[in-house]
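Peer 1:
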Ligand SMILES: Nc1ncnc2c1ncn2[C@@H]1O[C@H](COP(=O)(O)OP(=O)(O)OP(=O)(O)O)[C@@H](O)[C@H]1O
Ligand SMILES: [Mg+2]
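In the working numbering, the protein residues as written are 1197 to 1448.
#1: Quick one: complete beta strand (DSSP E) runs, 3+ long, within the stretch 1211-1268?
#2: When the Cα of residue 1358 is compared with those of 1265, 1421, 1198 and 1299, which residue comes out closest?
#3: Residues in its own chain within less than 6 angstroms of residue 1336 by CB, not counting five upstream and five downstream?
#4: Does the beta carbon of residue 1449 fall short of 8 angstroms from some heavy atom of ligand 2?
#5: Exposed or buried, which one is residue 1363 when buried takes at least 16 other CB atoms within 10 Å?
#6: Between which two residues does the alpha helix (DSSP H) carrying residue 1387 extend?
#7: Mind the definition here: the stretch 1334-1350 touches the stretch 1257-1274 only if three or more C-beta pairs lie below 8 angstroms; say whether that holds.
#8: Should residue 1371 be listed as close to ligand 2, given that the test is whether its C-beta is under 8 angstroms from any heavy atom?
#9: Have a look at residue 1345 and residue 1436 and give me their C-alpha separation to the nearest angstrom.
#10: Answer with buried or exposed for residue 1260, where buried requires no fewer than 16 other C-beta atoms within 10 angstroms of its C-beta.
#11: Report yes or no: do three or more beta-carbon pairs, one from the stretch 1244-1259 and one from the stretch 1409-1429, lie closer than 8 angstroms?
#12: In chain order, what residues of the same chain have a beta carbon less than 7 angstroms from the beta carbon of residue 1385, not counting five sequence neighbours either side?
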């Protein structure tokens, strides 16, 4: 579905991403991991059009989409979350997920101010879809609460819900488990595993929580200092000496 070829991004003298290749297959959860500053979020920004690559190509469904605008990528079904929240804190939990649907809906947001029978039907469908998403996330009982009142764990789930509301084909999550405790991260891993084939086609995950990565991923790509260091199954990555060295430093 997604193919990244020879991707490079420099900021002045900083080579944030250097010659990175990987591809995400349909039905797959692929994790992009690496130490702080490895270039993971920059890859997200390049894939989703927030940054233009210095060199290289992004392909989606076989077509070259390098440099497409973020809203274009979203329309194509490539939806990402941000390391900082994508939740509107003054809206309720339900309103946040409803709001996200208008990104992809056939009814432009302004039409909802001039309601007719068509928009009423669409609004009903959107509310039903948003309720299903909140049910999936275990947030249904919190739907009328302001997002600002959520716990950290609930907020992380709502961020996933907002992304799902935009009806992704490829869901790109940037550190969805940041601040979660072990139990919350484990249930997030289980939730993510249910998404491909049901709610999305594939997931591209950036995450520091190795337990979650190893539990949820089909494939793992490791970055270090902007470059791809390794690629393999979770088991292969866990046994990879270069990866251990990147995370823990060279053994004495
Ligand atoms: N807009 C920018 N301007 C200048 N330098 C940047 C910019 N964005 C990222 N960088 C630099 O590029 C490198 C890679 O950053 P990036 O945010 O992609 O890392 P990361 O792997 O997501 O790290 P983390 O795990 O801490 O989120 C870092 O050295 C960072 O300082
Ligand atoms: Mg990052």
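Beta carbons are placed, not taken as given, at the ideal position from N, Cα and C, and that holds for glycine.
Computed from a prediction, not measured in an experiment: that's the story for all the values here.
Peer 2: Taking the definition as stated:
#1: Listed in chain order, they are 1225-1229 and 1251-1256.
#2: Here residue 1358 refers to the residue found at position 162 when the chain shown is read from its first residue. Residue 1299 is the option with its Cα nearest to residue 1358.
#3: Here residue 1336 refers to the residue found at position 140 of the chain shown. Hits under 6 angstroms: 1330.
#4: There is no way to answer for residue 1449, as the model of the chain reaches only from 1197 to 1448.
#5: The count along the chain shown starts at 1 and reaches residue 1363 at position 167. By the C-beta density criterion, residue 1363 is buried, having at least 16 other C-beta atoms within 10 angstroms.
#6: As a working note, residue 1387 is residue 191 in the chain shown. Here the alpha helix (DSSP H) through residue 1387 covers 1378-1390.
#7: Touching, no.
#8: Position 175 of the chain shown, counted from the first residue, corresponds to residue 1371. Yes, Cβ of residue 1371 sits closer than 8 angstroms to a heavy atom of ligand 2.
#9: Counting from one through the chain shown, the residue named residue 1345 turns up at place 149. Counting from one through the chain shown, the residue named residue 1436 turns up at place 240. In this model, residue 1345 and residue 1436 are separated by some 42 angstroms (Cα to Cα).
#10: Residue 1260 sits at position 64 when you count from the first residue of the chain shown. Looking at its Cβ environment, which holds fewer than 16 other Cβ atoms inside 10 Å, residue 1260 is exposed.
#11: Short answer: they don't touch.
#12: Numbered from 1 along the chain shown, position 189 holds the residue referred to as residue 1385. Excluding positions up to five away in sequence, the list reads 1408, 1411 and 1412.
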